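Whatever position you read off the sequence shown (first residue = 1), add 14 for our numbering.
Glycine is no exception: its CB is placed at the ideal position from the N, C-alpha and C atoms.
Treat the numbers as computed from the prediction; the structure is a model and nothing was measured.
Take a look at the structure below.
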Amino acid sequence: MQATVETIEVLNDLIQINNDRIEGYEKALRELRAEDSDLKALFSSMISESHEIRLALGTEVNVLGGDMDSSTTTSGKIYRAWMDVKAVFTGHDRHTVLANCEAGEDAAQRAYRTALEDEDLPAYLREMITEQQTTLRASHDQIKALRDANKGR
Numbered sequence: 015m016q017a018t019v020e021t022i023e024v025l026n027d028l029i030q031i032n033n034d035r036i037e038g039y040e041k042a043l044r045e046l047r048a049e050d051s052d053l054k055a056l057f058s059s060m061i062s063e064s065h066e067i068r069l070a071l072g073t074e075v076n077v078l079g080g081d082m083d084s085s086t087t088t089s090g091k092i093y094r095a096w097m098d099v100k101a102v103f104t105g106h107d108r109h110t111v112l113a114n115c116e117a118g119e120d121a122a123q124r125a126y127r128t129a130l131e132d133e134d135l136p137a138y139l140r141e142m143i144t145e146q147q148t149t150l151r152a153s154h155d156q157i158k159a160l161r162d163a164n165k166g167r
């Protein structure tokens with residue numbers, strides 16, 4: 015029974031980081047300029063990606079008898095507050111928005127690495143979480159490449 019409680023906790027932690035990711039990209043969308051339509055499409059796609067991941071995680075939480083968490087992580091809230099303060103000084107430039115998004119993607123990768131360190135995680139969930147981490151890693155790398163391409167702009 016204890017392993018099930020811990021597994022639900024791990025899944026809910028990943029749900030929270032995806033909630034953070036959704037809120038972070040929604041905020042980034044609001045900060046973009048009209049000429050950043052390419053990023054608007056990309057960020058919208060990443061929001062959808064996290065909604066799908068969240069749904070898969072939430073389904074597993076329910077199967078295990080738990081309740082899906084609808085909140086964000088404390089660190090996520092701190093991260094978004096920091097992003098608000100920094101935006102005041104930077105004028106919402108493209109490179110800064112991308113750098114902030116990359117920091118959020120780094121946090122998601124850390125959360126997934128931590129989840130996969132749980133030795134009691136059932137094999138089928140470990141496989142699902144590994145696939146999600148791979149998907150999010152591709153998004154991270156895409157954001158990083160865009161950020162690097164926009165240095166000094």
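Note on geometry: alpha-carbon atoms of Ala-117 and Asp-155 lie some 12 Å from one another.
Residue range 51 to 77 is occupied by the alpha helix (DSSP H) that includes Gly-72. In this structure, the alpha-carbon of Ala-48 lies about 29 Å from that of Ile-67. In the three-state reduction of the DSSP assignment, Glu-40 falls in the helix class. In the pairwise beta carbon analysis, the stretch 75 to 83 is classified as not touching the stretch 116 to 130: fewer than three pairs are separated by under 8 Å.
Glu-133: not part of any alpha helix (DSSP H); DSSP gives it neither H nor E. In this structure, DSSP gives Ser-153 a helical state, which the three-state scheme calls helix.
The DSSP assignment places 108 to 130 as complete runs of the alpha helix (DSSP H) inside the stretch 108 to 148, in order along the chain (cut-off: 4 residues).
Residues Gln-147 of the same chain have their beta carbon placed closer than 6 Å to that of Tyr-126, with the five preceding and five following residues left out of the count. Scanning Glu-74, Leu-150, Leu-160 for the CA closest to the CA of Arg-108 turns up Leu-160.
Nearest C-alpha to Asn-114 among Thr-149, Asn-76, Leu-43, Thr-86: Leu-43. Thr-21 and Leu-130 do not touch by the CB rule: their CB atoms are close to 12 Å apart, not below 8 Å. Sorting Lys-165, Thr-128, Thr-73 by C-alpha distance to the C-alpha of Ile-31 places Thr-128 at the top. The three-state secondary structure of Ala-163, taken from DSSP, is helix.
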